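For reference, the structure discussed in these notes is given below.
Numbering (UniProt numbering), first residue to last: 1 to 108.
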């Protein structure tokens with residue numbers, strides 16, 4: 001996703017978490033800046049969120065920082081769960097093709 005899409009997604013998640021009005025106001029500011037740039041630069045939501053946590057508004061207001069930190073923790077947990085699911089899918093046994101068993105039988 002590009003930065004603008006990630007910012008919109010972060011704002012939606014913050015609204016769902018009942019973030020403070022200051023946090024939502026800050027998000028509106030950065031969303032408007034991102035819409036002007038609107039490049040096709042792809043980056044992860046966690047990366048955008050960590051950059052938002054470094055902004056002067058977040059560093060100067062603990063309420064904003066705490067909202068962003070809580071969302072970051074939630075996203076990291078989701079990332080870990082997705083990674084575990086992928087590992088389970090990749091590690092499940094895959095049956096060998098019939099050709100393999102025929103060759104194995106002929107070798108004996």
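We put the CB at the ideal spot given by N, CA and C, even for glycine. None of the values given here were measured: they were computed from a predicted structure.
Cut-off 6 Å between Cβ atoms - residues of its own chain near residue 53, not counting five sequence neighbours on either side | 68
Determine the direct distance from the alpha carbon of residue 75 to that of residue 66, and round the result to whole angstroms.
-> Each residue's alpha carbon lies about 14 Å from the other.
Report the partner residues of residue 42 according to the DSSP bridge assignment.
-> DSSP, once it has assigned bridges, lists 2 as partnering residue 42.
What three-state label does DSSP hand residue 18 in the structure shown?
-> coil
Pair within 7 Å by beta-carbon distance, residue 72 and residue 64 = no
If we call anything under 7 Å between Cβ atoms a contact, is residue 61 one with residue 22?
-> Residue 22 is positioned such that its CB atom lies closer than 7 Å to that of residue 61.
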